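*Asks:* Numbered according to my numbering, the sequence shown terminates at residue 267, and the numbering increases by one at each position without gaps. Take a look at the following structure, please.
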Amino acid sequence: MENYRDIGLKLTPQRLTILDYLQGNKSHPSAEDIYRGVHDRFPTMSLATVYSTLTALKGKGYVIELALDPKKKRYDPETGPHSHLICVSCKRIVDVPGECRVDLPEGERQDFVVLESHVEFYGLCPTCKREKKTAKEVLNVHRS
Ligand SMILES: [Zn+2]
Ligand SMILES: [Zn+2]
Numbered sequence: 124m125e126n127y128r129d130i131g132l133k134l135t136p137q138r139l140t141i142l143d144y145l146q147g148n149k150s151h152p153s154a155e156d157i158y159r160g161v162h163d164r165f166p167t168m169s170l171a172t173v174y175s176t177l178t179a180l181k182g183k184g185y186v187i188e189l190a191l192d193p194k195k196k197r198y199d200p201e202t203g204p205h206s207h208l209i210c211v212s213c214k215r216i217v218d219v220p221g222e223c224r225v226d227l228p229e230g231e232r233q234d235f236v237v238l239e240s241h242v243e244f245y246g247l248c249p250t251c252k253r254e255k256k257t258a259k260e261v262l263n264v265h266r267s
């Protein structure tokens, strides 16, 4: 996230609190996570304010919405090119810096001009890997 003081949004104290929370945050928080995270600093903040701020920031291109889980959208203040390692068990999302290029063979592009692509790697984080017994168990979790 660039310096958010000049992003062209009206920066209310509530919005600034959310921006401070997001700045440099690598956990890909959901709206609920943000709501809980700012609660001590701003007890009167409503979840609706968190949502409307996220929508405004998304519109300005300052956060990316990750729809990996349609029931629980996650937000990413890192808007530069990067990929994600996603733990299918605990839903942890870890950044992989840089662009991970996927080349679609000419014949399979079906006349599309490809503008961008996002690469997501699904698997188990080190903590979950230690806890899971078999790969079969893991796949059952992923598919359920
Ligand atoms: Zn995990
Ligand atoms: Zn990310």
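By construction, the Cβ of each residue, glycine as well, lies at the ideal position given by its N, Cα and C atoms. Predicted model, so just to flag it, every value in this text is computed and none were measured.
Leaving out five residues before and five after Leu170 in sequence, what residues of the same chain have Cβ atoms less than 8 Å from its Cβ?
*Replies:* Answer for Leu170: Ala154, Glu155, Tyr158, listed in chain order.
*Asks:* Considering only their Cβ atoms, is the gap separating Arg164 from Thr135 smaller than 8 Å?
*Replies:* For Thr135 and Arg164, no; Cβs fall outside 8 Å.
*Asks:* With 16 other CB atoms within 10 Å as the buried threshold, where does Pro228 fall?
*Replies:* Exposed, by the Cβ-count rule.
*Asks:* Where do the N-terminal and C-terminal ends of the alpha helix (DSSP H) with Arg253 fall, by residue?
*Replies:* Arg253 -> alpha helix (DSSP H) spans 249-254.
*Asks:* Of the choices Pro220, Leu145, Val236, whose alpha-carbon is the least far from that of Val186?
*Replies:* For Val186, the nearest C-alpha among the options comes from Leu145.
*Asks:* Please work out which residues of its chain come closer than 6 Å, Cβ to Cβ, to Val217, disregarding the five sequence neighbours upstream and downstream, and give them in chain order.
*Replies:* Excluding sequence neighbours, Val217 sits near Leu208.
*Asks:* Hey, out of Gly230, Cys223, Thr178, Lys252, whose CA is closest to Phe244's CA?
*Replies:* The shortest C-alpha separation from Phe244 is found at Cys223.
*Asks:* Could you tell me if the beta carbon of Ile215 falls within a distance shorter than 7 Å of some heavy atom in ligand 1?
*Replies:* One point to set straight first is that residue 215 is Arg, not Ile, in the sequence displayed. Arg215: yes, Cβ under 7 Å from ligand 1.
*Asks:* Kindly provide the chain-ordered list of residues whose Cβ lies closer than 5 Å to any non-hydrogen atom of ligand 2.
*Replies:* Output, sorted by chain position: Asp199, Glu201, Asp218.
*Asks:* Quick check: is any heavy atom of ligand 1 less than 7 Å from the C-beta of Cys210?
*Replies:* Because some heavy atom of ligand 1 lies under 7 Å away, the Cβ of Cys210 counts as near it: yes.
*Asks:* For Cys248 versus Arg197, is the C-beta distance shorter than 8 Å?
*Replies:* Not in contact: Cys248 and Arg197 (Cβ atoms no closer than 8 Å).
*Asks:* Sorted by chain position, which residues of the same chain lie with C-beta nearer than 7 Å to Pro204's C-beta, five sequence neighbours on each side aside?
*Replies:* So the list reads Gly221, Glu222, once near-sequence residues are dropped.
*Asks:* By Cβ distance below 7 Å, which residues in the same chain neighbour Lys195 in space, the five residues on each side in sequence not counted?
*Replies:* So the list reads Ser153, once near-sequence residues are dropped.
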